[in-house]
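Participant: Quick note: to get my numbering, add 737 to the position in the sequence shown (first position is 1).
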Amino acid sequence: MGMPQDHTEATALIARALAPYAERPGPEAVAALVDDLLTCGQELHGSLSRAPSQHRPAGTVAALAEWEYFAAVGPLGSGPHANWNYARALARIIRQLMAPGR
738 MGMPQDHTEA
748 TALIARALAP
758 YAERPGPEAV
768 AALVDDLLTC
778 GQELHGSLSR
788 APSQHRPAGT
798 VAALAEWEYF
808 AAVGPLGSGP
818 HANWNYARAL
828 ARIIRQLMAP
838 GR
């Protein structure tokens, strides 16, 4: 199974997570966004991990390792921005996993 070609949902999630801080949604919406990002990222990670290494886009090893770390560790800290910052980190990694040539 290769990388999905339609990244519409992932792109929308990334845009929501990387919105300016002034547009940050409430805590419940951020928690739902994190759940959606984790689901999306796990699917991308699984697709890339199952692909034979010679068919993986260049540069995926680092992004895969970064995803594994962040998915396992979760948000760092407990302040009001911890989950929002976590969502933004997940979004950036997903963007790397989807990047052309990756």
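Ideal Cβ placement from N, Cα and C applies to all residues, glycine included. All values reported here derive from a predicted model rather than from experimental measurement.
Taking 8 Å as the cut-off, does the segment 789-800 touch the segment 755-763 (at least 3 CB pairs, one atom from each stretch)?
Facilitator: Touching, no, given that fewer than three Cβ pairs across the two stretches are closer than 8 Å.
Participant: Mapping the DSSP letters down to three states, classify residue 788 as helix, strand or coil.
Facilitator: Your numbering for residue 788 matches position 51 in the sequence shown. Coil at residue 788, not helix or strand.
Participant: Please report the distance separating the alpha-carbon of residue 750 from that of residue 773.
Facilitator: Here the question's residue 750 lines up with position 13 in the sequence shown. Here the question's residue 773 lines up with position 36 in the sequence shown. Taking the straight line from one Cα to the other gives about 8 Å.
Participant: I'd like the span of the alpha helix (DSSP H) that includes residue 832, first residue to last.
Facilitator: Position 95 of the sequence shown, counted from the start, is the residue given in the question as residue 832. Run containing residue 832: 819-835, per the alpha helix (DSSP H) assignment.
Participant: DSSP three-state call for residue 753: helix, strand or coil?
Facilitator: Mapped onto the sequence shown, residue 753 falls at position 16. Helix at residue 753.
Participant: Helix, strand or coil for residue 795, going by three-state DSSP, please let me know.
Facilitator: Within the sequence shown, numbered from 1, the residue matching residue 795 stands at position 58. Residue 795 falls in the coil class under three-state DSSP.
Participant: Give the single residue among 782, 769 and 765 whose Cα lies nearest to the Cα of residue 807.
Facilitator: For the purposes of this step, residue 807 is taken as residue 70 along the sequence shown, with counting starting at 1. For residue 807, the nearest C-alpha among the options comes from 782.
Participant: Please look up how many angstroms separate the CB atoms of residue 778 and residue 804, rounded, as I've assumed it's under 8 Å.
Facilitator: What you label residue 778 is simply residue 41 of the sequence shown in a count that begins at 1. What you label residue 804 is simply residue 67 of the sequence shown in a count that begins at 1. With 8 Å as the limit, residue 778 and residue 804 qualify as a contact, their Cβ atoms being about 6 Å apart.
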